[in-house]
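Visitor: The opening position of the sequence shown corresponds to residue 76 in this note's numbering, with each subsequent residue numbered one higher.
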Amino acid sequence: MNKLKLYFFLPLLLLVGVACEDEDKNPVPLPPNGAMILIDEVVSALFDLDDISNSRYEAVIRDVANNVASYDILVQVSRQNGRFVSDVSFVKSVTNFSSNLVITPAEVAAAVDTLKLTEDADEDDIPDYNPNDPTTYILLGDENEYEGGDRINFINEIVGVNGVRYFATDQSPDLAGDPGQRSGFRITIFAACPSDEGAIVGDYTSEVIASNFAGFIGSTNDDVIVEKVGVEPFRYQVSDHTALAYEPFGGTEYEGDFFDICGTTFLQPTRSFGNVVDNGPGTIDLVNNTFTLLWFETFNGLTGEVLFTKK
């Protein structure tokens with residue numbers, strides 16, 4: 076093989092806004108009959124796979140105008156970047172606002188039960204959800220069935236003492252668009268293990284140590300940067316996931332995001348000369364300050380295992 080095919084694409088840019096503001100900032104004034112739950116402080120926001128039975132989402136909440144009859148917790152769980160998604164399911168109602176809000180992995184699993192395969196616009200061969208076909212759904216059921224990277228979206232509703240039900244869409248534009256306001260309508264957490272950001276972020280060298288194409292093996296990049304990115308507490312971005320393996324064929328560096336899931340790495344979908352998917356998992360060695368990423372470039376059918384060593 077002396078020439079690789081080059082796949083041209085138009086990137087789709089997804090903008091995600093995350094901001095932090097003064098902890099003392101309060102919501103804008105509510106309508107006369109409006110009801111709102113404010114999250115004053117998040118105590119715990121991770122379903123810890125290392126200690127799932129004792130992990131929880133816990134927050135200090137407040138009935139802003141003392142006019143909330145019930146705070147209804149609903150949830151939707153997604154897996155594999157949204158390939159499997161559950162229906163929105165009711166978890167419980169909260170009527171006592173003098174104590175912290177606590178939601179356990181077991182409560183969410185019992186409410187959700189099933190994650191259904193969804194159509195993927197980039198994969199026409201993905202089948203529809205079929206209750207008689209086990210390949211098209213995942214049973215959650217109990218707290219031991221979570222996987223690293225599961226996204227838990229709480230889509231909550233509020234019933235006022237006036238009997239009116241309020242939704243996230245009822246917020247004022249200022250409140251809905253400003254994370255500093257800490258509205259209790261929408262909350263997102265993840266299932267994972269605590270990730271040592273300080274140990275992973277930094278400057279690295281990289282080398283291709285295995286591939287199904289001999290021309291890639293031994294390729295190196297002496298200037299690789301790993302940064303913390305995204306809303307997930309375990310998501311990182313590497314400035315080049317290929318160790319410059321494509322440079323002899325007119326390529327360059329190709330960045331990619333990866334998850335640290337309990338000491339193993341999972342490369343998220345990215346691109347080089349074509350679409351790239353995870354071919355791992357890889358490993359993280361915090362003692363020797365190394366990690367590996369394994370990938371499969373689908374357009375040319377090429378694989379690579381890259382070792383990253385911290386400088």
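All C-beta atoms in this analysis are idealised placements derived from N, C-alpha and C, irrespective of residue type, glycine included.
Rounded to the nearest angstrom, what separates Gly357 and Gly109 at their Cα positions?
Guide: Within the sequence shown, residue 357 is the residue found at index 282, counting from 1. Within the sequence shown, residue 109 is the residue found at index 34, counting from 1. Answer to the nearest angstrom: the Cα atoms are 50 Å apart.
Visitor: May I ask you to verify whether the stretch 136-151 touches the stretch 269-287, counting CB pairs closer than 8 Å and requiring at least 3?
Guide: Not touching, per the Cβ criterion.
Visitor: Pick out whichever of Val166, Gly355, Arg158 has its Cα sitting closest to the Cα of Ala186.
Guide: Counting from one through the sequence shown, the residue named residue 186 turns up at place 111. Among Val166, Gly355, Arg158, the Cα nearest to that of Ala186 belongs to Val166.
Visitor: How is Asp97 classed by DSSP in three states: helix, strand or coil?
Guide: As a first step, residue 97 must be located in the sequence shown, where it is residue number 22. Here the model assigns Asp97 a pLDDT of 42, short of 50, so the residue's position is not dependable, and the following value carries that caveat. Correct three-state label for Asp97: coil.
Visitor: Which one of Asp225, Gly224, Asp217, Thr193 has the shortest CA to CA distance from Thr210?
Guide: Working through the sequence shown from its first residue, we reach residue 210 at position 135. Of the candidates Asp225, Gly224, Asp217, Thr193, the one whose C-alpha sits nearest the C-alpha of Thr210 is Thr193.
Visitor: Note down the Cα distance separating Ile284 from Leu121, rounded to an integer number of angstroms.
Guide: Along the sequence shown, read from residue 1 onward, the residue named residue 284 stands at position 209. Along the sequence shown, read from residue 1 onward, the residue named residue 121 stands at position 46. Ile284 and Leu121: Cα-Cα distance of roughly 34 Å.
Visitor: Can you list, in chain order, the residues of its chain with a C-beta nearer than 6 Å to that of Glu307? Leave out the 5 residues immediately preceding and following it.
Guide: As a working mapping, residue 307 is identified with position 232 in the sequence shown. Excluding sequence neighbours, Glu307 sits near Phe265.
Visitor: Where does Ala134 land, buried or exposed, given buried means 16+ other C-beta within 10 angstroms?
Guide: Mapped onto the sequence shown, residue 134 falls at position 59. The residue in question, Ala134, is buried, as its Cβ has 16 or more Cβ neighbours within 10 Å.
Visitor: Kindly list the residues whose CB is nearer than 6 Å to the CB of Ser128, restricted to its own chain and excluding five residues on each side of it in sequence; keep chain order.
Guide: As a working note, residue 128 is residue 53 in the sequence shown. Cβ within range, chain order: n/a, list empty.
Visitor: Which ranges does the alpha helix (DSSP H) cover as unbroken runs of at least 4 residues, wholly within the stretch 138-214, from first to last along the chain?
Guide: DSSP runs (the alpha helix (DSSP H)) wholly in the stretch 138-214: 180-187.
Visitor: Where DSSP assigns a beta bridge to Tyr329, which residues make up the other side?
Guide: The residue labelled residue 329 in the question sits at position 254 within the sequence shown. The partner list for Tyr329 (beta bridge, DSSP) is empty, contrary to what the question assumes.
Visitor: What does the alpha-carbon distance come out to for the pair Thr378 and Asn354?
Guide: Start at 1 with the first residue of the sequence shown, and residue 378 comes out as number 303. Start at 1 with the first residue of the sequence shown, and residue 354 comes out as number 279. So the two alpha carbons sit approximately 8 Å from each other.
Visitor: Going along the chain, which residues of its own chain have a beta-carbon closer than 6 Å to the beta-carbon of Glu322, five neighbours each way excluded?
Guide: For the purposes of this step, residue 322 is taken as the residue at position 247 of the sequence shown. Correct list: empty, nothing qualifies.
Visitor: Suppose you measure from the CA of Pro344 to the CA of Asn350; what does that come to, to the nearest Å?
Guide: Residue numbering aside, residue 344 sits at position 269 when the sequence shown is read from its first letter. Residue numbering aside, residue 350 sits at position 275 when the sequence shown is read from its first letter. So the two alpha carbons sit approximately 7 Å from each other.
Visitor: Please report the residue range of the alpha helix (DSSP H) in which Ala274 lies.
Guide: Here residue 274 refers to the residue found at position 199 when the sequence shown is read from its first residue. Its alpha helix (DSSP H) spans residues 272-275.
Visitor: What are the boundary residues of the beta strand (DSSP E) that Thr384 is part of?
Guide: To locate residue 384, count along the sequence shown from 1; it is residue 309. Counting along the chain, the beta strand (DSSP E) containing Thr384 begins and ends at 377-385.
Visitor: With burial defined as no fewer than 16 other Cβ atoms inside 10 Å of the residue's Cβ, what is the status of Ile263: buried or exposed?
Guide: Indexing the sequence shown from 1 puts residue 263 at position 188. First, the amino acid is wrong: residue 263 is Thr here, not Ile. Per the 10 Å Cβ criterion, exposed.
Visitor: Would you give the residue range spanned by the beta strand (DSSP E) that Phe341 belongs to?
Guide: Residue numbering aside, residue 341 sits at position 266 when the sequence shown is read from its first letter. 339-342 is the span of the beta strand (DSSP E), which, as asked, contains Phe341.
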